[in-house]
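Down below is the structure, laid out as structure tokens.
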Amino acid sequence: MKILSIVTKLSVLLAILLLLSLLGYAIFGNRVFLKSSPIVGQQASDFTLELFNGEKIKLSDIKGKAVLLNFWASWCIPCKDEAPALDAAWKKYKDKPVVFIGLNVWDDKDSALLYLKEFGGEYENGMDPKGEIAVEYGVGGVPETFFIDTSGKIVDKYIGPLTEVIIDYFLGKALSQDHGITKGVN
Amino acid sequence: MINKINFFKKTFVFTTSISFILVLLTFNTFADSIDNQIREISYLLMCPVCQGQTVAESNSELATQMRAIIKQKLEKGESKEEIIAYFVNRYGETILGAPPPKGANWLIWILPALALLFGGAGIAIFLHKSKSEKDKRKTKAIFNEPQVQAESKYLEKLDEELKEFES
Numbered sequence: 029m030k031i032l033s034i035v036t037k038l039s040v041l042l043a044i045l046l047l048l049s050l051l052g053y054a055i056f057g058n059r060v061f062l063k064s065s066p067i068v069g070q071q072a073s074d075f076t077l078e079l080f081n082g083e084k085i086k087l088s089d090i091k092g093k094a095v096l097l098n099f100w101a102s103w104c105i106p107c108k109d110e111a112p113a114l115d116a117a118w119k120k121y122k123d124k125p126v127v128f129i130g131l132n133v134w135d136d137k138d139s140a141l142l143y144l145k146e147f148g149g150e151y152e153n154g155m156d157p158k159g160e161i162a163v164e165y166g167v168g169g170v171p172e173t174f175f176i177d178t179s180g181k182i183v184d185k186y187i188g189p190l191t192e193v194i195i196d197y198f199l200g201k202a203l204s205q206d207h208g209i210t211k212g213v214n
Numbered sequence: 098m099i100n101k102i103n104f105f106k107k108t109f110v111f112t113t114s115i116s117f118i119l120v121l122l123t124f125n126t127f128a129d130s131i132d133n134q135i136r137e138i139s140y141l142l143m144c145p146v147c148q149g150q151t152v153a154e155s156n157s158e159l160a161t162q163m164r165a166i167i168k169q170k171l172e173k174g175e176s177k178e179e180i181i182a183y184f185v186n187r188y189g190e191t192i193l194g195a196p197p198p199k200g201a202n203w204l205i206w207i208l209p210a211l212a213l214l215f216g217g218a219g220i221a222i223f224l225h226k227s228k229s230e231k232d233k234r235k236t237k238a239i240f241n242e243p244q245v246q247a248e249s250k251y252l253e254k255l256d257e258e259l260k261e262f263e264s
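Listed in order, the protein sequences are those of chains Y and U.
Each number in the working numbering corresponds to the 1-based position in the first sequence with 28 added.
Each number in the working numbering corresponds to the 1-based position in the second sequence with 97 added.
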């Protein structure tokens, strides 16, 4: 009878230890090395985007400049929240080696054009009707923004509405090519 | 001469029909196999914008686009593993319906089995303990019953009288 109770005690102890180790890993695990997007740090996939004004833009043609690639949709409320910051930042950076590209996804053209009329977005904006670019960049929602450095490497991915401070921070990184992985923002 | 021409005509029509049917059958089989492969692969991938739905189950625009991309890649001759790797390289391992059994992921595969093992053992121990305690209580109760107690008194008296008689 005594042996049985020892086995019970040991199994309970083992279960508690296992749960504690899992909890410890969840709380104290070194997450600096965990990136939410596997494409951060990799060369940005090339694409050709047909802009709303009928022109075309090819990513590989703008090498040597930092790129802010913003995925958005007209029905997305956080996209409307970030629109003034994007517009202000574009005005601030338009004379610097930075290109802003807006990529409309999961939307219809009329709604997208109406949105642009209302919320600005004077920079390059086009549609990805088949979602091929969105999937290529692992986009799982809007707004999502990628920051590409002057050599064409994706240095950061930001999920959620941008602010001017956030844009300055990441564009500063993309321009200075400081590729350290930032905790909590990737 | 006319008979010969008729024979050639019939043969030509017959051969063309058979070829046409064969081409149709081949095309159908190919389309079926592609559809099955799309379904198989999209069941292994979770829809990034849905709650607990796979790419096969979801009607979202992204899931539809992902299925179209899977089809394109299959038609290009890419294997199932290559296509899954393509999505994992872009969305991370969270896109997989089941985590691959490696590293800390092993815990997810082992823990249910361990829980069953330890849980089963715990229940067995509990049942064993409660059964032996029940048996004990039952035995005690039998010996504590008034009839048994009275009988044992008579037996003791009988023993004493027998001893006296023998001596």
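Yeah, the Cβ is synthetic: ideal placement off N, Cα and C, and Gly gets one too.
Being a predicted model, the structure only gives us computed values, none of them experimental.
Asked, Found
"Would you say Pro145 of chain U lies against chain Y (beta-carbon separation less than 8 angstroms)?", "yes"
"Would you mind sorting Asn132 of chain Y into buried or exposed? The rule is 16 or more other CB atoms within 10 Å of its CB.", "buried"
"Under the three-state reduction of DSSP, which class applies to Trp206 of chain U: helix, strand or coil?", "helix"
"Would you tell me roughly how many angstroms separate the C-alpha atoms of Thr108 of chain U and Ile115 of chain U, rounded to the nearest one?", "11 angstroms"
"Does Phe184 of chain U pass the burial test, meaning 16 or more other C-beta atoms within 10 Å, or should it be called exposed?", "buried"
"Quickly, what does DSSP pair Met155 of chain Y with across the bridge? List them, please.", "Y:Asn132"
"Along the alpha helix (DSSP H) that carries Ile166 of chain U, what are the first and last residues, could you check?", "158–172"
"Within the same chain, show all residues whose beta-carbon is closer than 6 angstroms to that of Lys177 of chain U, passing over the 5 residues directly before and after it, in chain order.", "Ile138"
"Work out the CA separation of Leu255 of chain U and Ser249 of chain U for me, nearest whole Å.", "10 angstroms"
"Among the candidates Y:Leu114, Y:Ser73, Y:Trp103, whose CA atom is the shortest distance from the CA of Thr191 of chain Y?", "Y:Leu114"
"For Thr236 of chain U, which of helix, strand or coil comes out of DSSP?", "helix"
"Strictly under 8 angstroms for the Cβ-Cβ distance: is Val60 of chain Y near chain U by that measure?", "Residue placement at Val60 of chain Y cannot be trusted, given a pLDDT of 44 that sits under 50; what the coordinates show is reported in the next sentence. So no, Val60 of chain Y is outside the interface."
"If you draw a straight line from the C-alpha of Asp232 of chain U to the C-alpha of Lys226 of chain U, how long is it?", "10 angstroms"
"Could you tell me which chain U residues have their CB closer than 8 angstroms to the CB of Pro66 of chain Y, listed as they occur along the chain?", "Val185, Asn186, Arg187, Tyr188, Gly189"
"Under 8 angstroms, do Pro112 of chain Y and Gly189 of chain U count as touching if we go by C-beta distance?", "no"
"Is Gly149 of chain Y closer than 8 angstroms to Glu158 of chain U when the C-beta atoms are compared?", "no"
"Quick one: grab the DSSP three-state call for Val178 of chain Y.", "Strictly speaking, residue 178 of chain Y in this sequence is Thr, with Val absent from that position. If DSSP states are grouped into helix, strand and coil, Thr178 of chain Y belongs with coil."
"With distances taken Cα to Cα, identify the nearest neighbour of Phe99 of chain Y among Y:Ile161, Y:Val35, Y:Gly180, Y:Lys86.", "Y:Ile161"
"According to DSSP, Trp100 of chain Y sits in a beta bridge with which residue or residues?", "Y:Asn132"
"Would you please state the rounded distance, in angstroms, between the beta carbons of Thr178 of chain Y and Gly92 of chain Y? I believe it to be under 8 angstroms.", "6 angstroms"
"Between Val127 of chain Y and Leu199 of chain Y, which are expected to be in contact by the criterion C-beta below 8 angstroms, what is the C-beta distance as a whole number of angstroms?", "In fact, because the Cβ distance is near 11 angstroms, the residues do not count as touching under 8 angstroms."
"Among Y:Ser88, Y:Ala43, Y:Thr36, Y:Tyr186, which residue has its Cα nearest to the Cα of Pro209 of chain U?", "Y:Ala43"
"Sort out for me which residues DSSP pairs Ile85 of chain Y with in a bridge.", "Y:Leu77"
"Just to make sure I have the definition right: I need the residues of chain Y whose C-beta is within less than 7 angstroms of the C-beta of Gln150 of chain U. Which are they?", "Chain Y residues near Gln150 of chain U: none, gap ~13 angstroms exceeds 7 angstroms."
"Output, in chain order, the set of chain U residues within a Cβ distance shorter than 7 angstroms of Ala172 of chain Y.", "In the sequence as presented, Ala is not what sits at residue 172 of chain Y; that position holds Glu. Per Cβ cutoff of 7 angstroms: no residues; Glu172 of chain Y is ~11 angstroms from chain U at best."
"Distance, Cα to Cα, Cys144 of chain U vs Ser229 of chain U?", "53 angstroms"
"In chain order, what residues of the same chain lie with their CB nearer than 7 angstroms to the CB of Phe147 of chain Y, ignoring the 5 residues before and after it?", "Lys108, Ala111"
"Note down, in chain order, every chain U residue with its Cβ under 8 angstroms from the Cβ of Lys158 of chain Y.", "Gln162, Ala165"
"So Arg136 of chain U and Ala153 of chain U are in contact, right, with Cβ under 8 angstroms, and what is the actual spacing, rounded?", "6 angstroms"
"Hey, how far is the Cα of Ile34 of chain Y from the Cα of Leu47 of chain Y?", "20 angstroms"
"So with Cβ pairs under 8 angstroms, would you call Tyr165 of chain Y a contact of chain U?", "yes"
"Given this structure, state the Cα-to-Cα distance separating Gln70 of chain Y from Gly216 of chain U, to the nearest angstrom.", "46 angstroms"
"The alpha helix (DSSP H) that contains Ala117 of chain Y, what's its start and end?", "105–121"
"Roughly how many whole angstroms lie between the Cα atoms of Phe223 of chain U and Leu45 of chain Y?", "22 angstroms"
"Do you know offhand how far Gly188 of chain Y's Cα is from Ile220 of chain U's?", "48 angstroms"
"Reducing DSSP to helix, strand and coil, say where Ala153 of chain U ends up.", "coil"
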